[in-house]
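> Numbers given in the working numbering equal positions in the sequence shown, counted from 1, plus 98. Don't be surprised by glycine CBs; every beta carbon is placed ideally from N, CA and C. Values in this document were obtained by computation on a predicted structure and should not be read as measured data.
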Amino acid sequence: MSKGTTVFLDGQGKVQLGPNDFIARGGEGAVYAHGDLALKVYDDPDRALPAGKLQELSAIADPRVLAPTALLKRGRPRRVVGYAMPRLEGGHPLCALFAQSFKQRNGLTQDHLRRIALELQARVTSIHGAGVTVVDLNDMNFLVGPQFDAVYAIDVDSYQTPSYPATAFSPAVTDPLAVARGTFDAGSDWFAFAVLTFQLFTGLHPFRGKHPLHKRMSERMRRRVCALDPDVRWPATADRDALLPAWRD
Numbered sequence: 099m100s101k102g103t104t105v106f107l108d109g110q111g112k113v114q115l116g117p118n119d120f121i122a123r124g125g126e127g128a129v130y131a132h133g134d135l136a137l138k139v140y141d142d143p144d145r146a147l148p149a150g151k152l153q154e155l156s157a158i159a160d161p162r163v164l165a166p167t168a169l170l171k172r173g174r175p176r177r178v179v180g181y182a183m184p185r186l187e188g189g190h191p192l193c194a195l196f197a198q199s200f201k202q203r204n205g206l207t208q209d210h211l212r213r214i215a216l217e218l219q220a221r222v223t224s225i226h227g228a229g230v231t232v233v234d235l236n237d238m239n240f241l242v243g244p245q246f247d248a249v250y251a252i253d254v255d256s257y258q259t260p261s262y263p264a265t266a267f268s269p270a271v272t273d274p275l276a277v278a279r280g281t282f283d284a285g286s287d288w289f290a291f292a293v294l295t296f297q298l299f300t301g302l303h304p305f306r307g308k309h310p311l312h313k314r315m316s317e318r319m320r321r322r323v324c325a326l327d328p329d330v331r332w333p334a335t336a337d338r339d340a341l342l343p344a345w346r347d
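1. Using the three-state DSSP reduction, which class does S100 fall into: helix, strand or coil?
2. Please return the same chain residues whose Cβ sits closer than 7 Å to the Cβ of E217, not counting the five positions on each side in sequence.
3. Is it true that the CB of M183 sits closer than 9 Å to the CB of P164?
4. Looking only at C-alpha atoms, which of N118, D141, R314, P260 sits nearest to I158?
5. With DSSP collapsed to three states, give me the class of F267.
6. In the DSSP assignment, what residue or residues form a beta bridge with T231?
7. According to the Cβ coordinates, are I252 and L155 closer than 9 Å?
8. With a threshold of 6 Å on Cβ separation, who are the neighbours of S286 within its own chain once the five nearest residues in sequence on each side are excluded?
9. Looking at the unbroken alpha helix (DSSP H) that takes in A290, where does it start and where does it end?
10. For A146, which option in E126, H132, Y130 has the closest C-alpha, if you only look at C-alpha atoms?
11. Round the Cβ separation of Y140 and V179 to the nearest angstrom and send it over; I've been treating them as touching at under 8 Å.
12. What residues match up with P184 in a beta bridge as DSSP calls it?
Structure below.
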């Protein structure tokens with residue numbers, strides 16, 4: 099976007115975006131900074147967030163769920179090409195905290211990890227309370243604040259709302275039984291939550307480690323042969339003792 103582009107933000111009017119506003123690029127488009135907002139512009143406008151879905155996502159009242167707040171439009175007639183959401187300065191993707199080296203480098207204790215897990219639980223609970231399901235509850239869709247005391251949900255546009263299906267899911271965290279049914283609900287979200295919190299504490303995906311019979315992660319997820327199975331051998335980098343009994347239960 100070397101020459102920049104102009105979009106129209108509902109409630110604010112014309113916004114000029116240039117290279118200096120660029121934050122990141124994902125699979126669907128690019129994200130730009132605009133004051134205290136982040137603006138997501140889709141590569142393919144046909145995949146842009148419908149106005150009706152924005153309205154249903156607005157039922158999420160949790161300020162740490164960085165949900166869309168307004169639509170971006172472009173052209174004549176005006177066509178939706180993206181949306182605005184609150185902008186978070188700093189933060190770490192949740193997956194960064196899975197590595198023991200990251201935990202040691204940043205002095206993260208069991209108390210830090212427990213607080214982060216409870217924060218993640220609070221985000222999922224508030225989303226469900228609004229009648230919405232995350233579905234793609236993966237380790238890149240949550241950011242941990244710079245002080246490691248808060249968790250923020252991002253990429254909210256992919257969520258499942260009462261009138262709109264989810265637009266993404268990640269096989270590595272999604273219950274394969276839900277995928278087979280083609281239906282996702284609070285239970286499938288809590289399955290993914292368990293996967294993420296297991297990794298947060300131990301550094302190991304709960305369906306990894308070496309098993310003498312079941313080699314593929316997808317098969318082990320389907321058969322529910324998790325890392326706590328006595329036949330699973332853990333890598334030296336994982337910390338079995340970090341899985342607190344209360345969370346294991």
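The answer reads as follows:
1. The count along the sequence shown starts at 1 and reaches residue 100 at position 2. Confidence at S100 is low in this model, with a pLDDT of 43, below 50, so the placement of that residue should be treated as unreliable; the coordinate-derived value is given next. In the structure shown, S100 sits in coil (DSSP, three-state: anything other than H, G, I, E or B).
2. Position 119 of the sequence shown, counted from the start, is the residue given in the question as residue 217. The answer, listed in chain order, is A248, V249.
3. In the sequence shown, counting from the first residue as 1, residue 164 sits at position 66. In the sequence shown, counting from the first residue as 1, residue 183 sits at position 85. Inspection of the sequence shows that residue 164 is occupied by Leu rather than by Pro. Yes, these two residues count as a Cβ contact at 9 Å.
4. Counted from its first residue, the sequence shown places residue 158 at position 60. Looking at the Cα atoms, P260 is the closest of the given residues.
5. Your numbering for residue 267 matches position 169 in the sequence shown. Assigned with DSSP and collapsed to three states, F267 falls in coil, not helix or strand.
6. Position 133 of the sequence shown holds residue 231. Answer is Q258, bridged to T231.
7. Your numbering for residue 252 matches position 154 in the sequence shown. Your numbering for residue 155 matches position 57 in the sequence shown. With a cutoff of 9 Å on beta-carbon distance, I252 and L155 are scored as not near each other.
8. On the sequence shown, residue 286 is found 188 positions in, with the first residue counted as 1. Only D273, A276 meet the Cβ criterion.
9. Indexing the sequence shown from 1 puts residue 290 at position 192. First-last of the alpha helix (DSSP H) with A290: 284-300.
10. On the sequence shown, residue 146 is found 48 positions in, with the first residue counted as 1. The shortest C-alpha separation from A146 is found at E126.
11. Taking the sequence shown and counting its residues from 1, one reaches residue 140 at position 42. Taking the sequence shown and counting its residues from 1, one reaches residue 179 at position 81. About 6 Å separates the two Cβ atoms, so the contact holds.
12. What you label residue 184 is simply residue 86 of the sequence shown in a count that begins at 1. DSSP lists L135 as partners of P184.
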